[in-house]
Structure formats: C-alpha cells, structure tokens
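One structure is given here, and the rest of the page talks about it.
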C-alpha cells in the first residue's frame with residue numbers, strides 16, 4: 001500500500017508532493033483510496049464537500065472512525081496525511097487477520113484539503129463538515145489562479161449545493177487520527193497527543209509607492225519591501241523570545257519587477273504558541289514593530305486574520321485510555337493543526353497517535369519516518385481500535 | 001497621437017501598462033507605430049529581432065535617428081519609452097510643417113524589449129543589434145512562464161534565424177533619444193544627458209531547508225527568508241551610505257506556502273552608482289552582509305550577475321552641440337538604463353534629451369509629465385534634428 005500510494009504525484013526532481021484539493025494528483029490519491037476500500041468490501045460514504053468514510057460494519061449507529069488526509073502542502077513530504085490513511089487500512093487488515101469483530105461500526109476516513117494549500121483554509125473539509133465554516137464562505141474561497149471552491153467542485157463533478165454540515169459526523173462516535181510527528185518531541189516510536197497549540201494565519205499587506213529602481217533617491221522612496229523585511233526579522237525574534245513559532249513563508253509582490261520599487265508586498269504570517277495569551281501577545285508585538293517601521297518607511301501596513309484556531313485540549317479520559325492500551329506511551333502537544341482538532345472542538349471524543357520523526361522535518365520532501373516505526377504505529381492503532389470497538 | 005497610443009493596454013484598475021516584448025499589448029502598440037509611419041510615408045526597416053526604423057529620405061547613407069521604445073515594465077507608466085517615439089514622430093511633423101528638408105536620412109526608431117520586463121535582459125533589442133549580446137544567448141532567454149525568446153519570436157511570426165547584429169546600425173550616423181526624466185533632477189522643462197550610471201542586476205539565491213511552520217523550533221530552522229530579509233535591509237543602508245541605489249523588487253519563493261518554512265528564496269538586486277568603483281564596493285558590502293547572516297541562519301547564499309552595464313559617458317562634443325541649440329539647457333546624469341547607452345557604447349555618436357518629471361516617479365502608473373513640457377520636448381527635439389540633419 002505504501003509503495004503504491006506514495007508513488008502518486010511524487011515530483012521527480014524534489015521527491016516532494018503537491019496535492020492541493022481537487023487537483024489531479026490529489027484526485028488520483030483519492031481514487032487509490034476508493035479502490036483500496038472496494039477491495040476490502042468497505043462501503044464508502046461521501047459528504048457534500050467530498051470527505052469520505054469507508055465503513056467496516058453497517059453505520060447504523062455511532063462508530064469508531066480513524067483516518068487522516070491525502071492532500072499535501074506545496075512540495076511536501078510523503079507521510080503528513082497519507083500515513084494516517086494507509087495505517088488505518090492496515091489496522092483494519094490486522095484486526096481482520098486476528099479474527100476481531102467490532103461491536104460498533106469501524107470507519108476509515110479521508111478528509112479533503114486539510115493543509116489548505118490550494119484554498120488557503122487549513123482543515124477545509126473538516127471545518128465545513130463540522131459547521132464551523134459556512135458553505136457560503138467556503139464556496140467563495142479562491143485558489144491562486146482565482147478559481148473558486150465552487151468552480152473547483154463543479155469541475156470535479158461535485159454539486160456545490162451539497163456543501164455544508166456533514167451527516168457523517170453524527171456517526172463519528174469517537175475519532176482517532178494517526179499522524180507522523182512533526183517535530184523532534186517523541187523518543188519512542190509512538191506517542192499520544194495532549195493538545196494542539198492555538199494557531200493563526202494573518203495577512204500583512206504592506207503598501208508603498210512603485211518607482212524606478214535606478215533614478216529614485218533612496219531618501220525619496222516608500223518601499224514596502226523594507227517594511228516587510230524588518231517585520232520578518234521581528235517575527236522571528238519575537239517568536240524566539242516567546243518560545244513560540246512565527247513564519248513568513250508566502251509572499252505576493254506587485255509589480256515584482258527587478259527594476260521597480262514595489263508598490264505592494266502581501267505577506268502571510270503563520271503564528272502558533274502554547275496558549276492563546278502568548279499567541280495574542282506575539283501577534284501584537286510583531287504588528288507593533290511593523291507599524292513603527294512603516295512610519296519610518298512612509299508605507300502602510302494592514303493586518304487581517306485569515307484563520308485563528310483556539311487551543312485544542314484532547315479529552316483526558318480518552319487520552320489516558322490510549323496511554324493505558326499502549327503501555328504508558330508518552331503524551332505530547334503539537335504545534336501542527338489537524339482535522340482531529342476540528343472534530344474535537346466540535347464535541348466528538350477525539351484522540352491522536354503520533355509516529356516518531358527522527359529528524360523533525362515536515363512539510364518538506366525530506367520528511368521521514370522509519371518503516372519499523374510506521375509498523376509500530378499500525379500495531380498501536382489496531383490495539384486502540386480494538387479497545388474502543390470491542 | 002498621445003491619446004491614441006496611451007490608450008493601448010492601459011490597466012483599468014491601476015492605470016498602468018504591462019507591455020512585455022512580443023505580448024499582445026506591445027504588439028498592438030507596434031502596429032500603431034507602423035500605421036503612423038505608413039500615414040507619413042516613412043519606409044520602415046526591421047532587423048532580425050524586430051527593431052524598427054522608419055525613414056524620412058532614402059537610407060542610402062548614414063543618417064540621424066531618433067526614437068525610443070514602446071514596451072514597459074510591469075504596471076509601468078505611460079511616458080517611459082512611448083514619449084520618445086511619439087515625440088520623434090511629432091518632431092518630423094513639425095519639421096515638415098516648417099518646410100525643412102534634411103540633407104541626410106532622418107529615421108524614427110522603436111527598439112524592442114528595452115525594459116527587459118519579459119526576458120529579464122534590459123535593452124534586449126539594442127544589445128542584440130549592437131552585437132554585445134549573442135544571438136544564441138538571446139534566443140535561449142526565458143520568460144517567467146519558461147517560454148524562450150526563440151519560441152516567442154516564432155509565435156509572433158518572426159524567424160529566430162535572423163536574430164543577430166543589425167544592419168540598421170550601419171545607417172545610424174547619430175542617435176538622439178528623448179526620454180522622460182526619471183528623477184527630480186531637472187528644473188526647466190528640457191535637459192541634456194551627460195552620462196548613464198553603471199548598473200548591475202544580480203541574482204541572490206538563498207537556500208535553506210523547507211520545514212513545518214508549526215512544529216519546527218525556531219532554533220532548528222534554516223530559514224532563507226531571514227537571510228534575505230536582512231540582506232534587503234543591508235542593501236538599503238549600504239546604498240544610502242554610498243549615495244547609490246539598491247533595490248530588491250522581485251522575489252521567487254519555494255514552496256511559497258503559508259505553513260512551510262521556505263527552502264529557497266531567489267531575490268534580484270538592482271544596483272546602480274555614479275561610478276564603477278562605487279557600484280562594485282556596494283555589491284561587495286551587500287554580499288558580505290548576506291554571507292555573514294547566512295552563516296548565522298545555517299543557510300547559503302550565491303550571487304550571480306545577470307547583467308552589468310558599465311558607465312556610459314555620452315560624447316562631450318555632441319552633448320555641447322545640443323546644449324548650444326537649446327540655449328544652455330542643463331546637463332545631468334541618469335541612473336536609468338537606455339538603448340542610447342548601448343548605441344553609444346557601440347561607437348555611435350549618441351545624445352539624450354530629458355523631459356521634466358515633476359514628481360520624479362517612474363516605473364509606476366503615477367509616472368507623469370506636463371503636456372506643456374512634452375510639447376517643449378518635441379520642439380527641442382525638432383531643433384536638434386534640424387541642426388544635425390541640415
């Protein structure tokens with residue numbers, strides 16, 4: 001399964017994956033998933049936006065669902081998402097081989113556009129399913145080519161009218177997501193999540209005045225690139241001071257010409273911290289320094305939050321049950337967002353398992369997990385599902 | 001003429017122009033030029049890359065050529081280039097209305113891709129014509145979509161085999177380019193150029209390690225965006241100290257995703273100074289600070305010159321002759337590159353006239369010149385042509 005799935009859409013040059021929602025590579029991975037479910041006789045249900053759950057046993061009552069996502073960031077790694085889907089299918093195989101029969105329906109889920117790499121909204125599928133993002137707002141989201149989600153769905157043969165809160169969630173009695181760990185926080189092969197850090201994406205728009213790069217005196221310029229550059233350095237420093245994370249990884253520049261002072265730099269800040277107060281003071285400190293520099297540069301800066309996710313504390317009872325099943329596996333928080341966080345916030349008892357990441361590298365072609373650790377993850381997931389569905 | 005020409009390709013939202021070489025808007029402006037020449041009975045000659053000269057009188061011996069370019073930077077102004085072409089045609093009209101008959105052929109030129117906004121090479125048409133850029137190198141240049149110049153020429157119906165040193169130059173006995181001034185260096189409406197500052201375009205490639213924006217400790221990162229940001233601030237400071245110009249106006253970021261530390265930031269430095277030694281020490285200072293910061297960030301930086309143009313001192317005799325004709329018009333240098341600089345370096349006696357720019361803004365939709373100043377420019381150009389072609 002791993003070999004077949006991880007061949008889909010692998011960039012020959014970088015070794016990375018670019019599977020934005022409803023793109024050909026992501027659709028091919030989804031087709032692979034549907035084939036795997038059909039081979040196993042799992043009946044697949046889809047909701048309006050395209051989240052999928054494949055059921056072992058009739059979903060006539062709330063069951064135990066596991067799974068993750070098949071999409072990726074731009075030029076991302078092989079494990080973030082697909083490891084949880086492949087491990088879920090492998091855990092079903094393992095339980096069946098053991099002759100286990102679940103007493104409640106057992107579902108394998110694949111949720112769409114978790115990374116938000118195409119439409120800019122992380123956990124798009126789970127947010128819409130949980131009703132925390134309205135259909136109107138979701139359908140109006142646009143990708144970098146200006147294509148709306150509504151148009152992308154239509155192009156994929158999906159009626160946008162069906163997008164909205166998902167009946168699938170009523171059948172998710174418990175949700176468990178297995179995921180590759182994305183830092184270096186895990187010493188043994190498998191751990192259990194305690195919480196997801198609060199996380200914000202903020203759009204900083206720096207505006208100045210386009211001008212000639214050769215003839216305009218430095219003193220006469222209103223160059224928004226300088227304001228941005230100082231803000232990027234300030235964000236890094238403030239995040240270090242706060243023990244938090246702040247990243248400017250995406251920019252859009254106008255006119256983006258070599259011989260013109262830019263008129264506008266749009267920069268997206270990804271910020272995360274262990275608690276909401278730290279996140280808010282981090283954003284305030286970065287914004288204050290940006291505004292001060294803008295005054296000096298004769299530019300302006302406007303900050304718009306594009307998405308802000310509060311802290312997710314996974315329920316302690318379920319977490320401790322997993323730790324018990326897994327012989328005292330370590331408990332750790334994560335700075336990464338997950339569909340599990342959205343489902344947990346929506347009131348579904350939710351837990352996460354992490355598989356060790358030896359380098360801590362993620363969202364990169366260099367993302368990696370040892371095969372033995374992945375197999376330990378499958379066994380741990382199978383044990384947890386057996387305990388929850390017995 | 002001005003009203004008709006300046007309507008071509010004007011962006012309704014910004015008021016700016018994006019006329020890269022061989023794009024539909026630039027082709028439309030070229031068609032407009034050919035129509036104007038035909039109306040006046042001027043016989044147009046084209047060379048292999050598409051530079052045009054329209055002749056008043058048979059070009060059977062070296063003549064006096066005036067003109068400029070019709071392409072623009074991305075979202076540029078109306079005057080940079082077209083003012084020189086329109087003024088050249090208007091000067092011909094004025095001389096004919098006066099009953100003047102030139103004793104040598106008088107040509108109106110329009111030279112292709114002067115800004116380099118599509119293929120990254122400023123003065124592309126004049127460099128190829130003068131033989132300072134080989135046909136092989138020119139034809140292999142690519143635009144941002146990966147289209148080669150060879151393919152763009154073929155798409156425009158031009159055989160790339162014809163690209164090379166231009167026979168047109170043999171008939172340019174003298175060249176005079178009228179251009180809007182691009183700083184605030186001119187007090188009366190019209191001035192004469194002394195020199196063009198040396199000018200370099202350098203590609204800075206900052207390489208680091210892509211990683212997850214949420215889970216990667218700030219201390220574990222190798223973030224090339226930080227190295228770039230410090231370099232952009234250093235470039236600004238060093239240029240101020242040197243009385244020179246340094247601009248980072250164009251970037252390319254990989255993967256350019258909100259939730260990923262970038263793996264690579266490519267940034268183009270446009271640097272200019274009054275003399276070569278200052279330009280070289282400016283580049284050295286910026287590079288040194290970039291390398292030092294890269295060591296701190298655990299990133300790398302590589303600097304590649306994409307084009308470096310030495311200082312152009314226009315010939316003093318011709319310059320003084322223009323000053324005499326124009327009753328002591330002021331003489332001033334410019335930080336902007338021009339086809340006139342390429343032709344002058346190629347040994348053609350060359351001069352430039354500048355029309356006052358009240359704000360100094362250029363390479364921007366806000367670029368402006370007063371109508372009266374433009375008319376004064378036409379009269380000055382006509383007087384100069386009359387003197388040179390009498």
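Chains as they are written, first to last, in UniProt numbering: chain R, 1 to 390; chain C, 1 to 390.
The C-beta atom is built at its ideal place from N, Cα and C for all residues, glycine as well.
Just so we're clear, the structure is a prediction, and the values are computed from it rather than from any experiment.
- Contact between residue 112 of chain C and residue 139 of chain C does not hold, since their C-beta atoms are separated by about 14 Å, which reaches or exceeds 8 Å.
- Between the stretch 378 to 389 of chain R and the stretch 216 to 232 of chain C there are fewer than three inter-stretch CB-CB distances shorter than 8 Å, so the stretches are not counted as touching.
- Taking the CA atoms as reference points, residue 240 of chain R sits about 15 Å from residue 284 of chain R.
- Contact annotation: residue 361 of chain R and residue 354 of chain R have beta-carbon atoms that are not nearer than 8 Å.
- Using a Cβ distance threshold of 8 Å, residue 246 of chain C and residue 271 of chain C count as a contacting pair.
- DSSP, read as helix, strand or coil, puts residue 173 of chain R in strand.
- For residue 110 of chain R, there is no enclosing alpha helix (DSSP H); the residue is part of the beta strand (DSSP E) that begins and ends at 106 to 110.
- Separation of the CB atoms of residue 115 of chain C and residue 72 of chain C is rounded to 6 Å, and the pair is thereby assigned contact status at 8 Å.
- Here residue 265 of chain R is near residue 253 of chain R, since their CB atoms are less than 8 Å apart.
- A Cβ-Cβ contact shorter than 8 Å links residue 104 of chain R with residue 64 of chain R.
- It is roughly 21 Å from the alpha-carbon of residue 300 of chain C to the alpha-carbon of residue 15 of chain R.
- In the three-state scheme derived from DSSP, where H, G and I count as helix and E and B as strand, residue 45 of chain C is classed as strand.
- The beta-carbon separation of residue 176 of chain C and residue 329 of chain C, rounded to 13 Å, does not stay under the 8 Å limit for a contact.
- Against chain C, the CB of residue 75 of chain R has a partner CB under 8 Å away; the residue lies at that interface.
- For residue 189 of chain R, there is no enclosing beta strand (DSSP E), as DSSP marks it with neither H nor E.
- Contact check for residue 349 of chain R against residue 318 of chain R passes: the beta carbons are separated by less than 8 Å.
- Residue 35 of chain C sits in a helix when the DSSP states are folded into three classes.
- For residue 236 of chain R, the secondary structure class from DSSP, reduced to helix, strand or coil, is helix.
- Between the alpha carbons of residue 79 of chain C and residue 358 of chain C lies a distance of about 13 Å.
- The beta carbon of residue 228 of chain R is closer than 7 Å to those of 206, 265 and 267 in its chain, skipping five residues each way along the sequence.
- In this structure, residue 214 of chain C lies near residue 336 of chain R, with their beta-carbon atoms less than 8 Å apart.
- Identification of residues in the stretch 189 to 222 of chain C having a C-beta nearer than 8 Å to some C-beta of chain R yields 197, 199, 201, 209, 210, 211, 212, 213, 214, 215, 216, 217, 218, 219 and 220, given in sequence order.
- Close CB contacts of residue 54 of chain R within its chain, under the 6 Å cut and outside five residues either way in sequence, are with 37, 42, 44 and 108 (chain order).
- Residue state for residue 273 of chain C is assigned as coil, using DSSP reduced to three classes.
- Under the DSSP assignment, residue 301 of chain R falls in the beta strand (DSSP E) whose first and last residues are 300 to 309.
- The beta carbon of residue 262 of chain C sits closer than 8 Å to some beta carbon of chain R.
- Here DSSP, grouped into helix, strand and coil, assigns residue 68 of chain R to strand.
- Considering only R/117, R/56, R/32 and R/119, the residue with the shortest C-alpha distance to residue 82 of chain R is R/32.
- Straight through space, the alpha carbons of residue 286 of chain R and residue 314 of chain C are spaced by roughly 49 Å.
- Within the UniProt region "Disordered" (1 to 22) of chain C, those residues whose Cβ lies closer than 9 Å to any Cβ of chain R are, in chain order, 14, 16 and 18.
- For residue 206 of chain C, the secondary structure class from DSSP, reduced to helix, strand or coil, is strand.
- At a cut-off of 8 Å between C-beta atoms, residue 288 of chain R does not count as an interface residue with respect to chain C.
- Within the model, the alpha-carbon separation for residue 40 of chain C versus residue 85 of chain C is close to 14 Å.
- At a cut-off of 8 Å between C-beta atoms, residue 349 of chain C does not count as an interface residue with respect to chain R.
- Residue pairing from DSSP places residue 211 of chain R in a beta bridge opposite R/261.
- For residue 270 of chain C, the residues of chain R that pass the 8 Å Cβ criterion are 213, 214, 258 and 259, in the order they occur in the chain.
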